[in-house]
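Quick notes on the structure that follows.
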Amino acid sequence: MDAYKVLCTHTLQPSCMPVIKTLGLLPLLEEAGARRHVTSLWTPWGWIEPRDEPGKEPIPRGLNVRRQTLDPLLRRLAAETPGVDLRLGDGVNGLLEDNGRFTGVSTTGGARLTARLVVGADGRNSTVGSLSGLPVRLSANNRLGFLAQYRGLPDDGASRVWFLDPDTAFAFPNDDGVTVVACSPAKERHAAAFRADPQGSFERFVRALPDAPPIDRGERISKVIGTRDLPNVYRKPHGPGLALVGDAALATDPLWGVGCGWAFQSAQWLVDAVGPAVAGGGDVLAGLAAYGEKHRAALDSHHKLMEDYSAVRPFNVFERLLLSAAARDAGAARHYHAFASRLIDVKEFASPGSLLRAARVNVFHRLRNAPSNS
1 MDAYKVLCTH TLQPSCMPVI KTLGLLPLLE EAGARRHVTS LWTPWGWIEP RDEPGKEPIP
61 RGLNVRRQTL DPLLRRLAAE TPGVDLRLGD GVNGLLEDNG RFTGVSTTGG ARLTARLVVG
121 ADGRNSTVGS LSGLPVRLSA NNRLGFLAQY RGLPDDGASR VWFLDPDTAF AFPNDDGVTV
181 VACSPAKERH AAAFRADPQG SFERFVRALP DAPPIDRGER ISKVIGTRDL PNVYRKPHGP
241 GLALVGDAAL ATDPLWGVGC GWAFQSAQWL VDAVGPAVAG GGDVLAGLAA YGEKHRAALD
301 SHHKLMEDYS AVRPFNVFER LLLSAAARDA GAARHYHAFA SRLIDVKEFA SPGSLLRAAR
361 VNVFHRLRNA PSNS
């Protein structure tokens, strides 16, 4: 019951907060110490620090919460839900099929469980996804990923991300006074050092960050853990009688911290699409097609941009324009926050109007800072 995932960004983006509230999770998480957050972003042009606008609704907050807090809480909430039969320690080792339709699973405990709908919510290395044979697109992630947890770091409540172009890092204050510190350096430059000395390389990398988190003033309470190979995975999220949610369908570069949030959101989209048919005894196939369309429309453009950036390329001209403006202007910073929170899509983030406003911000910045001729 108390199992939890260790390698994770340990954050929930604002985009999934409506689902968290619907599930009744928000008060439980806040009682457990989850931290509301707005993320500040270091860029070559300075810090992007989104702030509330006087007289208007506060900008949306996400939650930072460690998986060792979130996972057992969520598992117990599910187990206490009427109609749920929790089978701890039993894994799926096969899918049942009948006339081209998935009809259930076989388990490592020897059971054969039949159902009108099979849902694979089993993470990045999804057994259900692999067994399903659904189309999958893999792409290389050319960054490493390492993290550690620290207690006792100075805490002003801010979550921070560093975009060093191309290396990245973050520091997220979490529950119980613990800050999760992580880095995603480019493989080509850093792989040999991290292979030879993961802990030392991690600490040296973090100490060298601009305005670095003062890890030497706190206590590291975990090992330095990480991975040197974490490809992007995009599976078709449904088949006849089967759906995939969360990382089982789409596992993107973890530096963006979207995995947990998209898991909650995709589960909600599935419920919205097939719930009436399940409750009414109808066929779920039409609903599964609708779920697939919603999943693609909501996440495809985000994932493609993340996938492209994970190849370790420099910022493109549009990113440079938008990020530099966000570091110089409060409105542009809030616009970036809406995008990084996954509340708007790529098309809206980089719309012609947004690009024009960013260009104006940068022109005004150059004019204000131009040397005087007098």
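Residue numbers (full-length UniProt numbering): 1 to 374. Beta carbons: idealized from backbone N, C-alpha and C, even for Gly. Just so you know, these numbers come straight off a predicted model, no measurement behind them.
Report yes if the CB atom of residue i is closer than 7 Å to the CB atom of residue j, and no otherwise.
i	j	result
A212	R235	no
R61	V38	yes
D2	P54	no
V312	A186	yes
W42	W162	yes
T127	V105	no
D176	G33	yes
A243	L209	no
R160	E219	no
N232	E307	yes
G246	S266	yes
S40	A140	no
V346	L299	no
S132	G239	yes
P154	R35	no
A330	V361	no
P58	R334	no
Quick check on residue i: buried or exposed, where buried means 16 or more other Cβ atoms within 10 Å of its Cβ?
i	result
E31	exposed
A359	exposed
F349	buried
I215	buried
G261	buried
T11	buried
P44	exposed
P371	exposed
L321	buried
R328	buried
A356	Here residue 356 turns out to be Leu, not Ala, going by the sequence shown. So L356 ends up on the exposed side.
A297	exposed
L367	exposed
residue 383	Any question about residue 383 goes unanswered here, given that the chain covers just 1 to 374.
R207	exposed
Taking 7 Å as the limit between beta carbons, can you name the residues of its chain near residue i, skipping five residues before and five after?
i	result
A277	D283, V284, G287
H303	Y234, L250, T252
Q13	G62, G257, V258, G261, S341, R342
P314	D165, P166
H365	R328
Determine the closest residue to residue i out of the options, with distance taken between C-alpha atoms.
i	options	result
Y291	R328, P237, A325, G241	P237
S351	R366, G123, V363, A332	A332
L28	S15, L63, K5	L63
L95	R75, L88, L134, E57	L134
R143	T227, V245, R51, Q199	T227
Y4	F339, E307, T69	T69
L7	I59, T107, D85, L230	L230
S354	R137, K56, L23, A338	A338
F170	P58, V346, L255, T22	L255
G89	A111, E188, R368, P154	A111
G24	V363, K56, A78	A78
V119	L323, G275, S184, Y336	G275
Grab me the residues of residue i's own chain with a C-beta within less than 6 Å of its C-beta, minus the 5 sequence neighbours each way, in chain order.
i	result
Q149	V178, V180, I221, S222
G257	T9, T11
F264	C16, V19
L26	I20
P202	Looking at the sequence provided, one finds Phe at residue 202 rather than Pro. Excluding sequence neighbours, F202 sits near F146, V224.
A115	G104
A182	L147, F170
V136	R235
Y309	none
A273	G287, A290, Y291
Here's a check: name, in chain order, each residue in its chain whose Cβ is nearer than 8 Å to the Cβ of residue i, leaving out the five neighbours to either side.
i	result
E97	T103
S374	The predicted position of S374 is uncertain, since its pLDDT is 46 and thus under 50; no value can be drawn from it.
G100	P240
Exercise. At which residue ranges does the region 316-374 contain complete alpha helix (DSSP H) runs of 4 or more residues, listed in the order of the chain?
Worked result: Counting only unbroken stretches of 4 or more residues, the alpha helix (DSSP H) elements lying wholly within the region 316-374 are 317-326, 330-340, 346-349, 352-368, in sequence order.
Problem set entry | Every unbroken beta strand (DSSP E) inside the region 134-161 [3 residues or more] | DSSP runs (the beta strand (DSSP E)) wholly in the region 134-161: 136-139, 145-151.
Problem set entry | Completely contained beta strand (DSSP E) runs for the region 242-268, where each covers 3 or more residues | At a cut-off of 3 residues, the continuous stretches assigned as beta strand (DSSP E) that sit fully inside the region 242-268 are 242-244.
Problem set entry | Residue ranges of each beta strand (DSSP E) within the region 70-116, 3 or longer | If we require 3 residues or more, the beta strand (DSSP E) runs fully inside the region 70-116 come out as 92-98, 101-107, 112-114.
For this session: Identify every run of the alpha helix (DSSP H) within the region 12-42, keeping only runs that are complete inside it and at least 4 residues long; order them along the chain.
Result: As far as the region 12-42 is concerned, its whole alpha helix (DSSP H) runs of at least 4 residues are 17-22, 25-31.
Exercise. Taking only runs of the alpha helix (DSSP H) that begin and end inside the region 150-236, which ones reach a length of at least 4 residues, in chain order?
Worked result: Scanning the region 150-236 from its first residue to its last, the whole alpha helix (DSSP H) runs of 4-plus residues come out as 187-196, 198-207.
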